[in-house]
Structures are given as C-alpha cells and as structure tokens.
C-alpha cells in the first residue's frame, strides 16, 4: 500500500496551508492531529499516525481522557508524541474554562461546585479525590487533586487534606470524588470518611462543609441530603 506523505500532497491540500487559507474549522480531525504531531516516523507517515489514533477510539470525545500509556500502544506513537498530544488536549480544556471567573463567585451551593469540577471527573475510569479550599466568604482559594485510586477506591489521608488547608489559610473545605460506576450514592466507606473528616475539621477549626460524589451527569451532596 502506498503511503501518502504530507510533502507529496498539493500545497493547498496540506493541513498547515489549509488552516492558513480556510481556518481551523475547515480541517478534519486527522489534519488537526497531523499538525500537532508534526511528523511521522521512519516507517509511518504522520497522516497514517493520525488515522491510527482515530481508529483506536470510538469518537473524538474519547481523546479527553486518553492516557500516555494508551497512546504509546498505538503503532508509531512514542513517548514524545504521546506527551505532545496530551499537553495539547489539556491546554484545549483550559482555554475553554476560565478559572478566574469562578474565583470571583461564592461557592455556596452544591450545584455551583458540581459545575465547577464536573469536567475534571466525568468519564474517568478511576476514582479521583479533589478538595476545594475556600476563604471565610466561601470564595475559591485553590483546589487540589490529592488522590487517584482504582476503579472503586481511592485511599484518602486526612493529613494531606488539612495540610493544604493550613498552607492556604483556608476557612473551609469541600471534598469531591467520582464514582466511575456512575452510581453516585455514597458507599459505607464514603460515609465513614466524611464523618471522620467533619470531626477532624471541627477540632482543627477548618470546617468540611460538603462532600460531593460525581457521576457522568449527576452528583450526590452530603450537605443537601443532611448527611453532614
């Protein structure tokens, strides 16, 4: 099978030239990937590499959560190309999410918290545990990804949660984690952990004011359900 090299295409059909002439919207997913990857390998042209990536996923949205290890399993994709693509995807996420906006907003409801954090947790295959740290007006100081676990468990250490609260001089904490199963009802472990964190917070003078469990399109709030 003959390989079509970018340099063999007519000038106007090359991805970079098409982008300059017609804009990004005119490019296919394959062409956008080709620009990011820049070049192929000795045996595989960049056009084929891009197609190999697209063939490895069900749809383009799956790239949101693709990992370096999965990319490296694709023929022709080494560590450098995998890192480059992961970085481009993450930058794209950040471009469309303005964290400065949320810093001026009072995070005083579970729905606001859910909308703030959901894109970081939807479709994750492992449990991720975040903490949001607030000032005395319930405005965002910072948020931290503290623990990454298995399919149904993330080992959470209270000392890490409260250490960051002290460093930030936070007045309160909101804990958030996802359930990859999409069942947002708290497990017994979730209930025990939440009660433990609330008790420690009272002793430390830094209140844990909510704990959200996130699914793909829904969430559970301990505060809203009077479990705190």
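Residue numbers (the working numbering): 5 to 232.
Cβ coordinates follow ideal geometry from the N, Cα and C atoms, glycine included.
Keep in mind it's a predicted model, so treat the numbers as computed, not measured.
Annotation: the continuous beta strand (DSSP E) that includes residue 182 extends over 176-182. Under DSSP, residue 134 shares a beta bridge with 149 and 180.
Per DSSP, the continuous beta strand (DSSP E) segment holding residue 212 begins and ends at 211-218. Nearest in C-alpha terms to residue 147, of all of 124, 25 and 159, is 124. By the neighbour-count definition (other C-beta atoms within 10 Å, threshold 16), residue 17 is an exposed residue. Membership of residue 170 in the alpha helix (DSSP H) is indicated by the continuous run 162-172. Under DSSP, residue 224 forms a beta bridge with 217. The C-alpha of residue 34 is placed about 6 angstroms away from the C-alpha of residue 55.
Remark: C-beta atoms of residue 132 and residue 168 do not approach each other more closely than 8 angstroms.
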